[in-house]
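Heads up: the structure comes next, in structure tokens.
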Amino acid sequence: MEETKKGAQGTSIEDLKNKGNECVKDGKFIEAVLHYTQAIKMDPNNYVLYSNRSFAFLKLDQHYLSLQDANETVRLQPQWAKGYFRRAEVEAAGGLYDEAIISYTRALQLDPQNTKLMESIKNISVTQKKKLKDSQNIIWVCSCVGLIFGILVVILDYSLTKTPTLSNPFSMVAFSIALSGIGWMAGKAATMMGNDAGKSLQPPDDLANEEKEKEKEAATEKKKYSKAQARHRYKQGKL
12 MEETKKGAQG
22 TSIEDLKNKG
32 NECVKDGKFI
42 EAVLHYTQAI
52 KMDPNNYVLY
62 SNRSFAFLKL
72 DQHYLSLQDA
82 NETVRLQPQW
92 AKGYFRRAEV
102 EAAGGLYDEA
112 IISYTRALQL
122 DPQNTKLMES
132 IKNISVTQKK
142 KLKDSQNIIW
152 VCSCVGLIFG
162 ILVVILDYSL
172 TKTPTLSNPF
182 SMVAFSIALS
192 GIGWMAGKAA
202 TMMGNDAGKS
212 LQPPDDLANE
222 EKEKEKEAAT
232 EKKKYSKAQA
242 RHRYKQGKL
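Numbering-wise, this note's numbering comes out as the position in the sequence shown, counting from 1, plus 11.
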């Protein structure tokens, strides 16, 4: 059994996993991550360890790292419902409700009798509808405020000035509707700016920069290798 492997300190994978699980129960999620990480180094293909570490990362609000481990769990064991559940939990925490519902549904397909999955799908559907309704309410309120402001401007212009700028009824209505439209656009912009769905699932800036550097180095190596190949082919008279 792979879980009987022992590290340099004589600690087995099972011991490390159990220590991590105990830390999770005690709310010591950073320590749990360390134990799981050490165990993963000894057994990189153990999908349960990735699943457990994903949960610990989620409790630390490290959504990006949690999602990476959840994806690795699914990759290593695509027929395990809990892997998709882990991924769904992270996606839900990151505000990606559509993706979370898909992951929950996939988990339910693998474990049809799991009532917790059914409840999770129901809860996230309710949350999604509530968020959509809240966004629509903001847009509606901003539109109404714009319309009311437009009507007030028209009334004040007509009653307080000797020569009203908006003397034609059609222009009065058009002006009020235009301000209502501006209010609608302001409400739409506010909801879009306030939508941070998926942002916590993006890699941290330092990690993102590190990945870009690796991609750049890989591209450079590939370019160099291509040139070397071209010279080799030229020497062989193939060009």
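Beta carbons are placed, not taken as given, at the ideal position from N, Cα and C, and that holds for glycine.
For S23, which of helix, strand or coil comes out of DSSP? In this structure, DSSP gives S23 an extended state, which the three-state scheme calls strand.
In whole angstroms, what is the alpha-carbon distance linking A43 and N57? Rounded to whole angstroms, the separation of the alpha carbons of N57 and A43 is 16 Å.
How many angstroms separate the CA atom of Q124 from the CA atom of V137? One C-alpha to the other measures close to 21 Å.
By DSSP, does Q90 sit in helix, in strand, or in coil? In the three-state reduction of the DSSP assignment, Q90 falls in the coil class, being assigned neither a helical nor a strand state.
Would A103 pass as a contact of A111 if the rule is Cβ separation under 8 Å? Yes, the Cβ-Cβ distance between A103 and A111 is below 8 Å.
Just to confirm my understanding: we take I51, look at its own chain, exclude 5 residues before and 5 after, and list those with CB closer than 8 Å. What are they? The residues are N57, L60, Y61 and R64.
In the stretch 156-213, which residue ranges form an unbroken alpha helix (DSSP H) of at least 4 residues, counting only runs that do not cross its ends? The stretch 156-213 contains these whole alpha helix (DSSP H) runs: 180-204.
Taking 8 Å as the threshold, find out whether the stretch 176-188 comes into contact with the stretch 141-148 through three or more Cβ pairs. Remark: fewer than three beta-carbon pairs, one from each stretch, lie closer than 8 Å, so the stretch 176-188 and the stretch 141-148 are not flagged as touching.
By a C-beta neighbour count over all protein chains shown, 10 Å radius and 16 as the cutoff for buried, is G38 buried or exposed? Burial call: exposed.
Spatial distance of T174 from A197 (CA atoms): When rounded, the distance between both Cα atoms is 31 Å.
Taking the continuous alpha helix (DSSP H) assigned at D109, which residues delimit it? Residues Y108 to L121.
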